[in-house]
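Residue numbers (this note's numbering): 9 to 138.
Beneath this line is the structure, given in structure tokens, with notes to follow.
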Amino acid sequence: MPRARGALSNSSDAAVIDVVQRYAASHLQTNETWFDFTNRGNLYFLLDRDCPMRQLEVAFYETAGRQRDVIRRIDQNPRIRFALMPPEPIDNTAVDGVPNRVRAPLVYEYLREHFTPGHEEGGVNFWTRK
């Protein structure tokens, strides 16, 4: 991957990058992107995709007002084709041990209503837009 050339990544991060790269390459057009609910904002840069949110981590939008803004942005952006979701019941992407579904419950409920689990690989869950 050209944007990752020369970067040092541990093996688990490199595996996630590989899984997301392969899934995105086979499921997205060049102008499409995803919503990240796993605190892995660096993937947008590494995979040269548009970041559709102002906040890169779930902890940045835990207030109800910011959650509603995130929901509005997802809802109004048809180029978001899937959501990267943490595994359940143990969220290994949580900041400070607080699962993202607990930290941003409004966003989580929106994702449950408008996306459906589609594929899991290497601990990464891909939910596709309904």
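No residue lacks a Cβ here, since even glycine has one placed at the ideal position from N, Cα and C.
If you're wondering where the values come from, they're calculated on a predicted model, not measured in any experiment.
By the DSSP assignment, the alpha helix (DSSP H) with L51 in it spans what residues?
Unbroken alpha helix (DSSP H) run through L51: N50 to L54.
Just how far apart, CA to CA, sit A91 and P60?
Approximately 11 Å between the Cα atoms of the pair.
With C-beta atoms as the reference, is R87 less than 7 Å away from E128?
No. Outside cutoff.
What residues in its chain sit with their C-beta under 6 Å from that of T46, if we drop five residues either side in the sequence?
Answer for T46: L92, P94 and T101, listed in chain order.
Residue range of the beta strand (DSSP E) that L114 falls in?
Looking at the DSSP string, L114 is not in any beta strand (DSSP E); the run it does join, the alpha helix (DSSP H), is P113 to H122.
With distances taken from CA atoms, which of H35, R111, T124 and V24 is nearest V66?
The option with the nearest alpha carbon to V66 is R111.
Hey, R48 and R89: beta-carbon distance below 7 Å or not?
Not in contact: R48 and R89 (Cβ atoms no closer than 7 Å).
Hey, V28 and V103 are a contact pair by Cβ (cut 8 Å); roughly how many whole angstroms apart?
So it is not a contact: roughly 19 Å between Cβ atoms.
Only counting the same chain, and skipping five residues up and downstream in sequence, which positions put a Cβ closer than 8 Å to that of D83?
Hits under 8 Å: Y118 and H122.
Do you know offhand how far Y31's Cα is from G73's?
Cα to Cα, the separation comes out at about 32 Å.
Return yes when the Cβ of V115 is within less than 7 Å of the Cβ of V78, no when it is not.
For V78 and V115, yes; Cβs fall inside 7 Å.
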